[in-house]
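Down below is the structure, laid out as structure tokens.
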Amino acid sequence: MSVHTAKRRLAPSDIKALKGERPIVSLTAYTTPVAKLMDPHVDFMLVGDSLGMVLYGLDSTVGVTLEMMIAHGQAVMRGSSNACVVVDLPFGSYQQSKEQAFATAARVLKETGCSAIKLEGGAEMAETVDFLTQRGIPVLGHVGLMPQLINTTGGYRSLGRNDKEVEKIRKDAAAIDDAGAFAIVIEGTVEPLAREITGKVKAPTIGIGASPACDGQVLVVDDVLGIFTDFKPRFVKHFANLAPVMSEAFATYAEEVKARSFPAPEHTFQLKKG
0 MSVHTAKRRL APSDIKALKG ERPIVSLTAY TTPVAKLMDP HVDFMLVGDS
50 LGMVLYGLDS TVGVTLEMMI AHGQAVMRGS SNACVVVDLP FGSYQQSKEQ
100 AFATAARVLK ETGCSAIKLE GGAEMAETVD FLTQRGIPVL GHVGLMPQLI
150 NTTGGYRSLG RNDKEVEKIR KDAAAIDDAG AFAIVIEGTV EPLAREITGK
200 VKAPTIGIGA SPACDGQVLV VDDVLGIFTD FKPRFVKHFA NLAPVMSEAF
250 ATYAEEVKAR SFPAPEHTFQ LKKG
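Each residue of the sequence shown is one higher than the one before, counting from 0 in numbering that gives the first Met the number 0.
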């Protein structure tokens with residue numbers, strides 16, 4: 000029986016239980032209207048710090064604030080009732096100490112009502128992941144390419160192309176798995192390595208620029224819809240191409256306003272006769 004037949008919202012434990020059963024479906028979500036449309040079709044929604052780039056026009060995710068993540072987490076929760084909702088912890092809000100991470104994560108769960116948080120990091124964050132999970136906070140891990148570390152890693156590129164990178168990502172995934180993450184995002188990692196890790200860890204892996212063998216997949220919703228047009232990573236597929244449709248709608252609106260054909264009489268409120 001599909002977990003979608005349950006009357007309650009999916010929990011992190013439901014996501015973990017899907018490993019070996021069927022592929023896990025995930026997308027990022029940032030707003031209430033999009034969450035409403037997405038909710039029947041995904042297992043979990045990730046309120047990703049990618050919102051900094053796709054919604055706010057930032058050059059990276061580093062400038063995203065905790066307040067931004069909480070506001071968008073609240074919006075996604077208002078628009079969903081089925082999917083598990085996971086909120087990213089932004090850069091600087093959890094790396095200082097495991098106590099800082101707990102305080103931040105607890106605030107996110109309390110103020111949004113979401114079911115779990117996601118944080119980036121491998122072996123160096125394993126103690127923090129264990130600390131959180133032991134205290135009732137489900138954690139979605141994130142290894143491989145980590146966008147929050149872009150200033151020290153030299154840009155957005157695929158990883159796992161040399162022995163040093165391979166060994167690090169292997170150790171990172173194993174450490175986060177052993178620490179109790181309910182699932183692990185593998186980003187920007189060469190296919191054979193992502194496939195290998197998926198076969199070794201207990202937690203389901205969620206690929207983005209990784210492998211079709213991962214236990215699930217996630218993409219940024221604006222990429223899926225073809226709205227974000229600044230660049231297109233190799234791993235992105237546009238399942239729709241809404242940018243030109245939106246542009247045409249804006250142009251038509253502008254033309255009709257200038258021509259005074261909008262608003263027409265049916266769009267205005269008239270006094271009743273008599």
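Note that the Cβ used here is the ideal one computed from N, Cα and C, for glycine as well. Quantities reported herein were computed from a predicted structural model and do not represent experimental measurements.
Fewer than three beta-carbon pairs drawn from the segment 157 to 176 and the segment 99 to 114 are found closer than 8 Å, and the two stretches are therefore not classed as touching. Where T188 is concerned, there is no enclosing alpha helix (DSSP H), because DSSP gives it neither an H nor an E. For Q73, the enclosing alpha helix (DSSP H) starts and ends at L65 to R77.
If you ignore the 5 residues before and after L9, its C-beta comes within less than 7 Å of the C-beta of V2, D42, F43, N81, A82 and C83, all in its own chain and listed in chain order. Straight across, the Cα-Cα distance linking G72 with T64 is about 12 Å.
If you compare the alpha carbons of D221, F234 and F249 with that of G51, the shortest gap goes to D221. Take D38, set aside five residues on each side of it, and the residues of its chain with a beta-carbon closer than 8 Å to its own are M44, G78, S79, S80, N81 and A82, in chain order. Counting only residues of its own chain and dropping the five nearest sequence neighbours on each side, L218 has a CB closer than 7 Å to the CB of L26, I207 and V235. Assignment of beta-bridge partners to C83 by DSSP yields F43.
Per DSSP, K117 is one residue of the beta strand (DSSP E) stretching across A115 to K117.
Looking at G91, V107, V61 and Q94, the one whose alpha-carbon comes closest to that of A70 is V107.
Relative to the Cα of D13, the nearest Cα in the group F181, Y55, R194 and M245 belongs to F181. V223 carries a helical assignment under DSSP once its states are collapsed to helix, strand and coil. A residue is called buried once 16 or more other Cβ atoms fall within 10 Å of its Cβ, and K117 is buried on that count.
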